Amino acid sequence: MPHPKYTTQEHRRVFNSCYQLIVYYLVNGYSVLFDATNLNEDFRSHIYDISETTAAPLAIVHVTAPKNTVRRRLKERKANRYSNTYSDAGWLIYTRMVPVEEPVQREHYAVDSSQNIQPILNQVIDWARSGGRKPVPNVQ
C-alpha cells in the first residue's frame with residue numbers, strides 16, 4: 022500500500038494476504054516466521070487456526086518495550102538513522118494502537134526489547150530446533 026492509513030480494513034486486507042502465503046508455505050514444507058503486530062485475539066485466532074489446520078507447531082513471541090523506549094526508537098527511525106526499515110508508522114500510530122492491544126491468551130514467550138533479549142531468544146531457538154516439540158512457556 023503506497024500510503025497506508027493503518028485502518029482495521031487495511032490491516033485485514035494485508036493480513037488476509039499474509040495468511041494465504043503462510044498456509045501455502047506451511048503445506049509445502051517450509052517453516053514460517055510471521056513478524057506482525059497482532060494486537061488482539063481476533064487477529065491472532067487466524068494464526069492459531071492455521072497452526073491447527075496445517076499441524077504446524079506454533080510459538081508466539083510477544084515483544085514489548087516501555088513507552089519511552091518506543092518513542093526514542095521511533096524518533097531515531099524518523100531521523101533516518103535506521104534507513105533499512107520499511108514502516109512509516111510513527112508515534113501517532115503507536116498511540117492509536119496501544120489502547121486496543123489485548124494480552125496474549127495462549128502460552129507464549131514474552132520479551133521486553135529494552136532489556137537483554139538473548140535468554141528468551143535462546144529459548145525460542147531451542148524450541149525451533151526441537152521442531153516445535155518443546156513446550157512454549159506459559160509466560161504472562
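Each residue of the sequence shown is one higher than the one before, counting from 22 in my numbering. From the three backbone atoms N, C-alpha and C, an ideal C-beta is built for every residue, glycine too. Computed from a predicted model, the values in this text were never measured in an experiment.
Taking just the CA atoms, how far does residue j sit from residue i?
i	j	result
P156	R33	30 Å
A76	A100	43 Å
R65	S134	21 Å
G50	E73	15 Å
Which same chain residues end up closer than 6 Å to residue i when comparing Cβ atoms and leaving out the 5 residues on each side of it in sequence?
i	result
V68	Reading off the sequence, residue 68 comes out as Ile, not Val. Hits under 6 Å: none found.
Hey, quick one: how far does the beta strand (DSSP E) through residue i stretch, first residue to last?
i	result
D133	Y130 to D133
H83	V82 to T85
Give the range of the alpha helix (DSSP H) segment to which residue i is assigned.
i	result
T75	E62 to T75
T29	T29 to V48
N137	Segment: none, N137 is in no alpha helix (DSSP H) and carries neither H nor E.
Quick check on DSSP: helix, strand or coil for residue i?
i	result
V91	helix
D56	coil
Q161	Caution is warranted here: a pLDDT of 49 is assigned to Q161, below 50, making its placement in the model unreliable, and the coordinate value is therefore given only provisionally. Three-state result, Q161: coil.
Going by beta carbon distance, what residues of the same chain come within less than 7 Å of residue i, once the five residues before and after it are set aside?
i	result
P25	E31
D147	K155
Given 8 Å as the limit, is there contact between the region 81-101 and the region 31-46, that is, 3 or more CB pairs closer than that? no
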